[in-house]
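Undergrad: Sharing a structure, written as structure tokens. Questions coming.
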Amino acid sequence: MQPVYAHDLVKRSKISRALVIAAHPDDIDFGAASTIAALSASGVELTYCLVTSGDAGGFELDHSREAMIARREQEQRDAANVVGVSDVRYLKHLDGYVEPNHELVSALVALMREVQPDVVISQHPQRNWDRLQASHPDHIAVGEATVRAVYPAVENPFAYPDLEHLPAFRIGQLWMMGAPAELVNLCVDITDYVDLKLEALHKHNSQHPDPAAMDARVRNALETNHPETGRAAEVFHKVAINDETTFAGF
Numbered sequence: 003m004q005p006v007y008a009h010d011l012v013k014r015s016k017i018s019r020a021l022v023i024a025a026h027p028d029d030i031d032f033g034a035a036s037t038i039a040a041l042s043a044s045g046v047e048l049t050y051c052l053v054t055s056g057d058a059g060g061f062e063l064d065h066s067r068e069a070m071i072a073r074r075e076q077e078q079r080d081a082a083n084v085v086g087v088s089d090v091r092y093l094k095h096l097d098g099y100v101e102p103n104h105e106l107v108s109a110l111v112a113l114m115r116e117v118q119p120d121v122v123i124s125q126h127p128q129r130n131w132d133r134l135q136a137s138h139p140d141h142i143a144v145g146e147a148t149v150r151a152v153y154p155a156v157e158n159p160f161a162y163p164d165l166e167h168l169p170a171f172r173i174g175q176l177w178m179m180g181a182p183a184e185l186v187n188l189c190v191d192i193t194d195y196v197d198l199k200l201e202a203l204h205k206h207n208s209q210h211p212d213p214a215a216m217d218a219r220v221r222n223a224l225e226t227n228h229p230e231t232g233r234a235a236e237v238f239h240k241v242a243i244n245d246e247t248t249f250a251g252f
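Right, here's the structure in full:
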């Protein structure tokens, strides 16, 4: 697969706003931080939505759940700032208990109609048996809820009567992180943004007892994604929903 550059994606598909949805703080940074940094550098306005605050994460046993929530929310805000994102939202669902129910879908529809993104970036609803860590149950639930919100709910003015005050809106594209290899169809060259990704990941210090090992693992994965030696890429399963361009030529 031929890698593309973020500025080409922005130009060809006229991307001005993107909404990034994930289950836990640090999910976005593992899956797409370099791409997000590149989009931000290209002038795209970005919003993060974290469905949980990661209250069940971490390796320290001597903290309260409330303290972990505050810490992880701040870690995500700090990480977002590294890649040029200042708008970070939290839906406050309980970590480990996320379900793709109407409560969550409705909340995502409301946010999509408010933000009106051209692209939604989220997690994949299909389990990845090659790398099960990418398929935490919360990830799958968030991916499924996002897909249900993207189509048909966000563009159906009758879908959720309590959201009638928010005009129905059509999403152009959906990019899904953590996709099974056979579904990957978008490869973004992020060679110039690898260091920013690692800097963002380092903000999540409650999650990484061995940062050096994490850096090596992440760099190796990014290089494996790219067919050229010495380059790096992040990969996604892209679905063109209401976008006529469908990345023609990519």
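In the working numbering, the protein residues as written are 3 to 252.
Every residue gets a Cβ at the ideal spot worked out from N, C-alpha and C, and that includes glycine.
With a 10 Å radius around its C-beta and 16 neighbouring C-beta atoms as the bar for buried, classify K13 as buried or exposed.
TA: Looking at its Cβ environment, which holds fewer than 16 other Cβ atoms inside 10 Å, K13 is exposed.
Undergrad: For A20, which three-state DSSP category applies?
TA: Looking at A20 - three-state DSSP - the assignment turns out to be strand.
Undergrad: Name the DSSP bridge partner or partners of R91?
TA: Partner(s): C51.
Undergrad: Helix, strand or coil: which one does DSSP assign to S124?
TA: Reduced to three states, the DSSP call for S124 is strand.
Undergrad: Determine the closest residue to G232 out of V121, A223, L200, H239, with distance taken between C-alpha atoms.
TA: Considering only alpha carbons, the answer is A223.
Undergrad: Between the alpha carbons of E157 and G45, how many angstroms are there, rounded?
TA: Distance between the alpha carbons of E157 and G45: 26 Å.
Undergrad: In the structure shown, what three-state DSSP assignment does H9 receive?
TA: Three-state DSSP puts H9 in a helix.
Undergrad: In chain order, what residues of the same chain have a beta carbon less than 7 Å from the beta carbon of A8, not counting five sequence neighbours either side?
TA: Excluding sequence neighbours, A8 sits near T37, A40, L41, S44, V190.
Undergrad: With a threshold of 6 Å on Cβ separation, who are the neighbours of D10 within its own chain once the five nearest residues in sequence on each side are excluded?
TA: Same-chain partners within the cutoff: there are none.
Undergrad: What does the alpha-carbon distance come out to for the pair L96 and G59?
TA: If I take the Cα positions, the gap works out to 11 Å.
Undergrad: With DSSP as the reference, please indicate the residues paired to A235 in a beta bridge.
TA: According to DSSP, A235 bridges with D191.
Undergrad: For R172, which of G98, Y153, A161 has the nearest alpha-carbon?
TA: When each option's Cα is compared against that of R172, the closest is Y153.
Undergrad: For a test of the three-state rule: what should DSSP assign to K205, helix, strand or coil?
TA: Of the three classes helix, strand and coil, the one that applies to K205 here is coil, per DSSP.
Undergrad: When you compare each of R79, V111, L52, P163 to Q125 by their alpha carbons, which one comes out closest?
TA: Nearest of R79, V111, L52, P163 to Q125, Cα basis: L52.
Undergrad: CA-CA distance, V122 and A112?
TA: About 14 Å.
Undergrad: Identify the continuous alpha helix (DSSP H) that holds M70 and give its terminal residues.
TA: First-last of the alpha helix (DSSP H) with M70: 67-84.
Undergrad: Three-state secondary structure (DSSP) at Q175?
TA: Of the three classes helix, strand and coil, the one that applies to Q175 here is strand, per DSSP.
Undergrad: Assuming the contact rule is C-beta atoms closer than 8 Å, P182 and Q135 should be a hit. Round their C-beta distance to whole Å, please.
TA: 13 Å between Cβ atoms; not a contact.
Undergrad: In the structure shown, what three-state DSSP assignment does K242 receive?
TA: In the sequence as presented, Lys is not what sits at residue 242; that position holds Ala. Residue state, collapsed to three classes: strand.
Undergrad: Can you tell me whether A250 is helix, strand or coil according to DSSP?
TA: Caution is warranted here: a pLDDT of 41 is assigned to A250, below 50, making its placement in the model unreliable, and the coordinate value is therefore given only provisionally. A250 falls in the coil class under three-state DSSP.
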